[in-house]
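Q: In the numbering used here, the protein residues as written are -16 to 400.
Even for Gly, the Cβ is constructed at its ideal location relative to N, Cα and C.
Okay, handing you the structure first.
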Ligand code: AMP
Ligand code: GLY
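Set out below in structure tokens:
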């Protein structure tokens, strides 16, 4: 069987590594891939990113299964194109992809099905949104409706900040049409948790919980990023929280998806906020998290392809994934300047000395050298019998890898190490 993985991050490098362990898989095409996937035995990078080109390529190259990595491709309807060609794909069609692609749509869905979420109002008119900012409590959260690579969410401490944010989104159109509608919602105080799950149209099967670290700086300071590191399981997700999540969020989500005819085969990634008042849903993502995937899959003791195939075939109710004991810690090494514009093109050394997994993200292979080419450059992922052990192993390996202007957080999963 040949597989197509779309994307070019650490998540895709990890997926390629985990999938290629399965003997049934002959070739994994990664589109466009990166300097890490380029070096994997069963992987071939293909320089494609347009959904139509990807579907054509898959049909011509005997691809039996595709994994859609990015939200942009899903919102563009890549899953529908693959299904038209009879190729199984992990990912929702265009309609269900709106649960990630439109925050107004997903908040209305959550409200309709009684899913616990921050109270909110949707706006398409600047003046109406602006006058709401005179009345709402602070801090408040202003969100662009559409996709903005995680940067369209503004936490505003006061009215002035909120008005400035609103102007950026709705008038200056900093994120283009993503800001033609916006959500203004209640600010929730708590700890975040990511729960990735597989969905087959009838069953949602959650994986181990994870804790992302979204801010660039230690102690959650500075601007938001795509994610600077993850630990799994999330130390805050105990059985009681898991029960609340399943009852208050997972079960009504499933009911809503079925009633609204939004079912699909793929991933539902629940972004949660655990507060003193209970567990709230911040957002749905309909693809795997990056870097959540790298940490969670490191603890998976079952075959990944089996899980994916159960989702595609609709047999998730027969599957109980096995997990390794212990914990995983993933530390992201980024380029200087990230998440703003960053310095790139530097040689990376020391990966061969690492004694744990290293997944490449923003780095390209040139004349057999790995050169930094993006914001998040690579992920160092260690597992251990305890979280402390996983953290210590990850950080001792971080020291072995170098490139100019390397930036990382020393507090992934606990106090600064
Ligand atoms: P979202 O894309 O909606 O998940 O938002 C991105 C990030 O913004 C989340 O991971 C949180 O860190 C933060 N955030 C979003 N909504 C809220 C909220 N209502 N209260 C507090 N923080 C939030
Ligand atoms: N790490 C957060 C995300 O993938 O959206």
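(1) Taking 7 Å as the limit between beta carbons, can you name the residues of its chain near residue 18, skipping five residues before and five after?
(2) Apply the 10 Å Cβ neighbour rule to residue 12 and answer buried if 16 or more other Cβ atoms are within range, or exposed otherwise.
(3) Taking residue 289 as the reference, give the member of 6, -3, -9 and 104 with the closest Cα.
(4) Is residue 207 near the ligand AMP, with its Cβ less than 7 Å from a heavy atom?
(5) Using DSSP with H/G/I as helix, E/B as strand and the rest coil, what is residue 212?
(6) Can you tell me whether residue 121 is buried or exposed? The criterion is at least 16 other CB atoms within 10 Å of its CB, across all chains shown.
(7) Which residues mark the beginning and the end of the alpha helix (DSSP H) in which residue 148 is found?
(8) Can you tell me where the alpha helix (DSSP H) with residue 153 in it begins and where it stops?
(9) If you measure from each residue's Cβ to the nearest non-hydrogen atom of the ligand GLY, which ones come out under 5 Å, in chain order?
(10) Using only the alpha-carbon positions, how far apart do residue 272 and residue 179 sit?
(11) Going by CA-CA distance only, name the one from 318, 341, 324 and 322 that's closest to residue 330.
(12) For residue 403 and residue 92, what's the separation of their Cα atoms in angstroms?
(13) Can we count residue 168 as close to the ligand AMP, meaning its CB is less than 7 Å from some heavy atom?
(14) My understanding is that residue 257 touches residue 98, with C-beta atoms under 8 Å, so please give their C-beta distance in whole angstroms.
(15) On the DSSP letters alone, give me the boundaries of the alpha helix (DSSP H) that residue 305 sits inside.
(16) Buried or exposed: which applies to residue 303, given that a residue is buried once 16 or more other Cβ atoms fall within 10 Å of its Cβ?
(17) So, is residue 68 buried or exposed, given that buried needs 16 or more other C-beta atoms within 10 angstroms?
(18) Are residue 332 and residue 364 close, meaning C-beta to C-beta below 8 Å?
(19) Count the other CB atoms within 10 Å of the CB of residue 276; is the residue buried (16 or more) or exposed (fewer)?
(20) Would you mind stating whether residue 58 and residue -13 have Cβ atoms separated by less than 8 Å?
(21) Report yes if the C-beta of residue 93 is less than 7 Å from at least one heavy atom of the ligand AMP; otherwise report no.
(22) Measure the alpha-carbon distance for residue 242 versus residue 185 and round it to whole angstroms.
(23) Once DSSP output is grouped into helix, strand and coil, what is the label at residue 1?
(24) Select from 191, 63 and 237 the residue whose C-alpha is nearest the C-alpha of residue 219.
(25) Note down, in chain order, each residue of its chain lying with its Cβ closer than 6 Å to the Cβ of residue 106, except the 5 sequence neighbours on either side.
(26) Assuming the contact rule is C-beta atoms closer than 8 Å, residue 393 and residue 209 should be a hit. Round their C-beta distance to whole Å, please.
(27) Taking the alpha-carbon positions, what's the residue 199 to residue 396 distance?
(28) Could you tell me which uninterrupted alpha helix (DSSP H) segments, each at least 4 residues in length, are contained entirely in the stretch 95 to 143, listed from first to last along the chain?
(29) Report yes if the C-beta of residue 90 is less than 7 Å from at least one heavy atom of the ligand AMP; otherwise report no.
(30) Measuring alpha carbon to alpha carbon, tell me which residue in 102, 89, 100 and 128 is nearest residue 108.
(31) So is the beta-carbon of residue 334 under 7 Å away from any non-hydrogen atom of the ligand NAD?
(32) Give me the Cα-Cα distance between residue 369 and residue 312, rounded to the nearest whole angstrom.
(33) Quick check: the Cα distance between residue 42 and residue 143, rounded to an integer number of angstroms?
(34) Looking only at its chain, what residues have a beta carbon closer than 6 Å to the beta carbon of residue 293, apart from the 5 residues adjacent to it on each side?
(35) Assuming residue 249 and residue 269 are in contact, meaning their beta carbons sit under 8 Å apart, how far apart are those beta carbons, in whole angstroms?
(36) Among the residues of its own chain, which have a CB less than 6 Å from the CB of residue 124, if the five just before and after it don't count?
A: According to the structure data:
(1) To locate residue 18, count along the chain shown from 1; it is residue 35. Excluding positions up to five away in sequence, the list reads 343, 346, 347, 348 and 353.
(2) Here the question's residue 12 lines up with position 29 in the chain shown. Answer is buried; the Cβ neighbour count reaches 16.
(3) By one-based count along the chain shown, residue 289 stands at place 306. Minimum Cα distance to residue 289 is reached at 6.
(4) Here residue 207 refers to the residue found at position 224 when the chain shown is read from its first residue. Residue 207: yes, Cβ under 7 Å from the ligand AMP.
(5) To locate residue 212, count along the chain shown from 1; it is residue 229. If DSSP states are grouped into helix, strand and coil, residue 212 belongs with the strands.
(6) Within the chain shown, residue 121 is the residue found at index 138, counting from 1. Classification for residue 121: exposed.
(7) Walking along the chain shown from the start, residue 148 turns up at place 165. Segment 142 to 149, the alpha helix (DSSP H) holding residue 148.
(8) Position 170 of the chain shown, counted from the start, is the residue given in the question as residue 153. Note, residue 153: premise wrong, no alpha helix (DSSP H); not H, not E.
(9) 195, 210, 272 and 273
(10) The residue you call residue 272 lines up with position 289 of the chain shown. The residue you call residue 179 lines up with position 196 of the chain shown. Whole-angstrom Cα-Cα distance: 7 Å.
(11) Against the chain shown, residue 330 aligns to sequence position 347. It is 318 whose Cα lies nearest to the Cα of residue 330.
(12) Residue numbering for the chain in the displayed model covers -16 to 400; residue 403 lies beyond these limits and cannot be assessed.
(13) The residue given as residue 168 occupies position 185 in the chain shown. Yes, since a heavy atom of the ligand AMP falls inside the 7 Å radius drawn around the Cβ of residue 168.
(14) Counted from its first residue, the chain shown places residue 257 at position 274. Counted from its first residue, the chain shown places residue 98 at position 115. No, residue 257 and residue 98 are not in contact; Cβ-Cβ is about 15 Å, not under 8 Å.
(15) Within the chain shown, numbered from 1, the residue matching residue 305 stands at position 322. Residue 305 -> no alpha helix (DSSP H), and no H or E assigned at all.
(16) Here residue 303 refers to the residue found at position 320 of the chain shown. So residue 303 counts as exposed.
(17) The sequence position of residue 68 within the chain shown is 85, counting from 1. Label assigned to residue 68: exposed.
(18) Translated into positions along the chain shown, residue 332 becomes position 349. Translated into positions along the chain shown, residue 364 becomes position 381. Cβ distance not < 8 Å, so residue 332 and residue 364 don't count as in contact.
(19) As a working mapping, residue 276 is identified with position 293 in the chain shown. Buried, by the Cβ-count rule.
(20) The residue given as residue 58 occupies position 75 in the chain shown. The residue given as residue -13 occupies position 4 in the chain shown. In this structure, residue -13 does not lie closer than 8 Å to residue 58 by Cβ.
(21) To locate residue 93, count along the chain shown from 1; it is residue 110. Checking the Cβ of residue 93 against the ligand AMP gives no.
(22) For the purposes of this step, residue 242 is taken as residue 259 along the chain shown, with counting starting at 1. For the purposes of this step, residue 185 is taken as residue 202 along the chain shown, with counting starting at 1. Roughly 11 Å separates the two Cα atoms.
(23) The residue given as residue 1 occupies position 18 in the chain shown. It is helical.
(24) Counting from 1 along the chain shown, the entry for residue 219 is found at position 236. Checked all of 191, 63 and 237; the closest Cα to residue 219 is 191.
(25) One-based indexing of the chain shown puts residue 106 at position 123. Cβ within range, chain order: 112 and 165.
(26) Walking along the chain shown from the start, residue 393 turns up at place 410. Walking along the chain shown from the start, residue 209 turns up at place 226. Not a contact, Cβ separation roughly 19 Å.
(27) Position 216 of the chain shown, counted from the start, is the residue given in the question as residue 199. Position 413 of the chain shown, counted from the start, is the residue given in the question as residue 396. Each residue's Cα considered, the two are about 14 Å apart.
(28) 109 to 115
(29) Counting from 1 along the chain shown, the entry for residue 90 is found at position 107. No - the ligand AMP has no heavy atom lying nearer than 7 Å to the Cβ of residue 90.
(30) Here residue 108 refers to the residue found at position 125 when the chain shown is read from its first residue. Of 102, 89, 100 and 128, the residue nearest in Cα terms is 128.
(31) Ligands present in the displayed structure are limited to the ligand AMP and the ligand GLY, and the ligand NAD is not among them.
(32) Taking the first residue of the chain shown as position 1, residue 369 is located at position 386. Taking the first residue of the chain shown as position 1, residue 312 is located at position 329. Computed Cα separation, rounded: 10 Å.
(33) Taking the first residue of the chain shown as position 1, residue 42 is located at position 59. Taking the first residue of the chain shown as position 1, residue 143 is located at position 160. So the alpha carbons of these two residues sit roughly 53 Å apart.
(34) As a working note, residue 293 is residue 310 in the chain shown. The residues are 299 and 302.
(35) Here the question's residue 249 lines up with position 266 in the chain shown. Here the question's residue 269 lines up with position 286 in the chain shown. The pair is a contact, with the Cβ atoms about 6 Å apart (cut-off 8 Å).
(36) One-based indexing of the chain shown puts residue 124 at position 141. Closer than 6 Å at Cβ, skipping near neighbours: 138, 168 and 170.
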